[in-house]
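Chains as they are written, first to last, in this note's numbering: chain A, 316 to 389; chain B, 36 to 390; chain C, -10 to 255.
Where is the CB? At the ideal position from N, CA and C, for every residue including glycine.
Since the model is a prediction, treat every value here as computed from it, not as a measurement.
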Amino acid sequence: MAKSLGDVIIDIEKCKGCELCIDSCPQETLALAPRINQKGYHYAVKVQDNCTGCLNCALVCPEAIISVYRKIVK
Amino acid sequence: MGEIKLMKGNEALSEALIRAGCDGYFGYPITPQSEVIEYLSREANARTGMVVLQAESEVASINMVYGAAGTGRRVCTTSSSPGISLMQEGISYIASAELPCLVVNIVRGGPGLGTIQPSQADYFQATKGGGHGDYHMIVLAPYNVQEMVDHVKLGFELGEKYRTPVMILGDGALGQMMEKVELFEQMPRKTEFPDWATTGKKEGIHRSIITSLFIQPEVMEQVNLRLQAKYREIEKNEVLYQTINCEDADYIFTGFGLGSRIAMKAMEMAREKGHKVGLIRPITVYPFPYDIYKEFAGKVKGILDIEMNAGQMVEDVRLAVEGKTQVEFYGRMGGMIAGPDEVYEYFEEKFLGGK
Amino acid sequence: MSTIPNFIEIPVNPEIAQKEFEVYSKPSTLTDKPFHYCPGCGHSTVHKLLMEVVEEMGIQGDIVGVAPVGCSVFAYDYLDIDMQQAAHGRALAVATGIRRMLPDKLVFTYQGDGDLAAIGTAETLHAANRGENILTIFINNAVYGMTSGQMAPTTLEKMVTTTSPFGRDVSTQGYPLKISELLAMLPGVTYVTRQSVHTTANVRKTKKALRKAIELQQEGKGFCLVEVVSNCPSNWKMTPLQSQQFIQEKMIPFYPLGDIKTPEGK
């Protein structure tokens, strides 16, 4: 059976920590970092290695700072 | 020699708009200039493809002009005093965004809803800004139907040269009167447009943004400095006026637009009675021809300014002469037009110690 | 806030995060300037969707936008296309001027509820009634955002704002205005739809609606309106997630989502 391996790259310096991506992720892959970026926001990061590349986080991200990758492995 | 016709001022101006290759007209009917949109609606589109649109208000008209001017096209709106007041916000935006366009004010008596009779009471509004912020329009003041035509072409040219709104400041009488007029030949509509125009982002070229918003005060100040430099340039290069019989004059009559015609007739009456009276007629009221008044201030015994208002241009005349000569003002208001005889009588009373 | 106590950040997997496997990235039609909008604001999501459509349709050079007065006054900083900024409420008059001069171009306005449905109602109604070939994107967040939270024409009944501090009292402050339903009655209007961007499913639907509206513009079908029921976490005094919930529970019941008028005859 084919398996979808995903990954995300988040431009953390532009993240405002709104958490919409975290809320939209069905895999609970993302969370807010305890650290803050230069603007003073906690930013979203990947905390589990289980991304499927479903796009949800990128779709809801108001800042358009999430790039999504998806590799289908058979 | 161009085509000669007998035409009403408003219709002659409309014909000139078509012939000047105007691309778009956006207006709203108001007396005493509704013939403009009527004439254009009849004539313009079939002849040149010019867009003529009756907007829902003067507020909409001037903002349509803003949008259309932003595409680099030749555009115009016309109205009369209350309508022009409604347009002031839009004109301020147009001045700040540095868009060329033509705004025609066929002035009627005010304040308020006022009267539909001719007046010159919008001089301050036209020449000193009118809307908010530090800006000017170039303001042309025709005194006959011929200039209603000629100023259309001149107005578009000046507007495009300086990227600035230009106003033709007429009045209800000029709009309604019929006179002989020589029309210039039909000019082609523009086919090339400036690179600042918003016509769709082009590959490899910077995109165009038309805005009057510069939220950083440092930037806004720079915009203001650029505008002011442009106004100084206009003041240096574009002053227009006419003088008649000034060489030997002891007294000068002055006025703009229709006021200057009354002054002219009164001057002729004075000359017939043996008084050496000359005339200065500003053609541009912004930029105002301060220098010509200054030049004659030391030479004449007095200046009589005639306007159809409570005394507006007279403030500029007084500024110009710097107290070096006596300046008197005669005006009628609220749509009343002074007769040359009453002007002459006032001249005798003020300068010749009565009869 | 969902920070994790035992926080372990997982690094990017170089095996997967390669250009050939990329399924989404910021559209090239957005500039690199970071949005000035508050965290979680729907404005930037709609900017992004619009520019995704512009990129996919290859119309970057064929479209001219009009920015309003309101939070999206700086829209031209982000949308990498030719744009004009309009006076408050006058976006559709400005767009009319542009469209009449450029009949071969696509023209849109991007307006908030105050701009479109209060100060600019006359321009909105008449541009729609003339059937101008213009797409209007209408962000309805039921509040004046830029001036910090005053009542809007679309503010819900009993909703608290800084100028309805005891909740909107319809007996003195009027009723929330459903401008989309009003405009849909006009014969010059082709397509009116109300969407939202508060869930991934709704984001997809909004993008589809924008694409449909632009295609109708290309066909010269007349006035199109895409209303987006959106949020204003800052002025609603909510977190972004709470504001999404407010959209679902309070806004959508009054402003139901879906097509209001379509060229196919809804």
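- Put simply, of C:H77, C:I87, C:F235 the residue whose alpha carbon is nearest the alpha carbon of C:M135 is C:H77.
- In this structure, the beta-carbon distance from C:C27 to C:S185 does not fall below 8 Å.
- Close partners of C:I70 in chain A (Cβ separation under 8 Å) are lacking, with about 16 Å as the shortest Cβ gap.
- With respect to the C-alpha of B:S131, the residue from B:H171, B:I297, B:A298 having the closest C-alpha is B:H171.
- Using a Cβ-Cβ cut-off of 8 Å, B:M99 counts as an interface residue toward chain C, since at least one Cβ of chain C sits closer than that to its own.
- Neighbours of C:T85 across chain B, judged by C-beta separation under 9 Å: F61, L88, A90, A95, N98, M99, G102, A103.
- Looking at B:T289, B:T246, B:T162, the one whose alpha-carbon comes closest to that of B:A332 is B:T289.
- Take the alpha-carbon of C:L199 and the one of C:F127: they are about 11 Å apart.
- Restricting attention to alpha helix (DSSP H) runs no shorter than 4 residues, the segment 216 to 295 of chain B encloses them at 252 to 272, ordered along the chain.
- For C:E(-2), the C-beta contacts it makes with chain A under 8 Å involve A348, V360, K361, V362, in order along the chain.
- Its chain contains V352, A355, V356 as the residues whose beta carbon lies nearer than 6 Å to that of B:Y328, once the 5 sequence neighbours on both sides are disregarded; these appear in chain order.
- Per DSSP, C:A107 lies in no alpha helix (DSSP H) segment and is marked neither H nor E.
- In summary, B:R267 is exposed, with fewer than 16 beta-carbon neighbours lying within 10 Å of its beta-carbon over all protein chains present.
- Using a 10 angstroms sphere on the CB of B:T162, the tally of other CB atoms reaches 16 or more, which defines it as buried.
- The bridge partners DSSP lists for C:H77 come to none.
- A residue is called buried once 16 or more other Cβ atoms fall within 10 Å of its Cβ, and A:A317, having fewer, is exposed.
- Rounded to whole angstroms, B:H186 and B:G105 show a C-alpha spacing of 22 Å.
- Ranked by how close their Cα comes to the Cα of B:W231, the residues B:V254, B:G370, B:E195, B:P375 have B:E195 in first place.
- Contact of A:C333 with chain C by beta-carbon distance below 9 Å involves C27, P28, G29, C30, P222, T228, P229, L230.
- Chain C places no beta carbon closer than 8 Å to that of A:A317, leaving this residue out of the contacts.
- Contact annotation: A:G368 and C:V12 have beta-carbon atoms nearer than 8 Å.
- For A:G355, no CB of chain C lies under 8 Å from its own CB, so it is not counted at the interface with that chain.
- In this structure, DSSP gives C:M40 a helical state, which the three-state scheme calls helix.
- For A:E343, the closest alpha carbon among the candidates A:Y356, A:C330, A:D322, A:D326 is that of A:D322.
- DSSP places B:S120 in the uninterrupted alpha helix (DSSP H) bounded by 116 to 121.
- Nearest in C-alpha terms to C:L19, of all of C:P176, C:A141, C:D69, C:G109, is C:D69.
- Interface with chain C (8 Å Cβ-Cβ cutoff): B:E238 is included.
- Remark: fewer than three beta-carbon pairs, one from each stretch, lie closer than 8 Å, so the segment 38 to 53 of chain B and the segment 55 to 64 of chain C are not flagged as touching.
- Around the C-beta of B:F364, 16 or more other C-beta atoms lie within 10 Å, and the residue is accordingly described as buried.
- The way I'd put it, the segment 29 to 37 of chain C doesn't touch the segment 201 to 211 of chain B; fewer than three beta-carbon pairs between them come closer than 8 Å.
- Residue pairing for C:D66: DSSP places it in no beta bridge.
- About 6 Å separates the CB atoms of B:G56 and B:P223; that is less than 8 Å, so the two are in contact.
- For the set B:Y60, B:N272, B:G107, the Cα lying nearest the Cα of B:Q89 is the one of B:Y60.
- In the DSSP annotation of this structure, C:F10 is not part of any alpha helix (DSSP H), being labelled neither H nor E.
- With respect to C:L205, C:Y180 sits close: the two C-beta atoms are nearer than 8 Å.
- At a cut-off of 8 Å between beta-carbon atoms, B:D58 makes contact with chain C.
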